[in-house]
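Q: In my numbering, the protein residues as written are -16 to 95.
Here a beta-carbon is modelled for each residue, glycine too, at the ideal position from N, C-alpha and C.
Keep in mind the model is a prediction, meaning the values are calculated, not measured.
Below are the structure tokens for one structure; questions will follow.
And the structure:
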């Protein structure tokens, strides 16, 4: 795909993403919207269009303290989010998990 054909497509995606973000901001009034996963790169490529559409379509009170950011995890955001439930007990109380773990038995030695 040529660069010249990418710009209009990215502009259109940014415009629609800005409309979607504006709707969510108007409903939930968050102070930060974080773009992660596949939206990380989309935001970086269309940030101006997303910000413009968000500024046009949000209520002034909701827009006042709104910050649009990208996730530091980038493409790994989905993987980290999926792994979190599996590790939640360990992260909540690591000592309890270690106390419940069976003791290691020494490996059997072969008779010589």
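Just checking, does the region 27 to 39 make contact with the region 72 to 83 on the three C-beta pairs under 8 angstroms criterion?
A: Not touching, per the Cβ criterion.
Q: Excluding five sequence neighbours on each side, which residues of the same chain lie with their C-beta closer than 7 angstroms to the C-beta of residue 104?
A: No answer is possible for residue 104: it lies beyond the span of the chain, which begins at -16 and ends at 95.
Q: Exposed or buried, what is residue 26 when buried is set at 16 or more other beta-carbons lying within 10 Å of its beta-carbon?
A: Answer is buried; the Cβ neighbour count reaches 16.
Q: Have a look at 29, 63, 5, 11 and flag the residue whose alpha-carbon is nearest the alpha-carbon of residue -4.
A: Of 29, 63, 5, 11, the residue nearest in Cα terms is 29.
Q: Could you name each continuous beta strand (DSSP E) segment of 3 residues or more that falls completely within the region 27 to 89, going from the start of the chain to the end?
A: Within the region 27 to 89, the complete beta strand (DSSP E) runs of at least 3 residues are 50 to 53.
Q: Rounded to the nearest angstrom, what separates residue -2 and residue 68 at their Cα positions?
A: When rounded, the distance between both Cα atoms is 34 angstroms.
Q: Please name the residue in 57, 81, 52 whose C-alpha comes closest to that of residue 21.
A: When only C-alpha atoms are compared, the closest one is 57.
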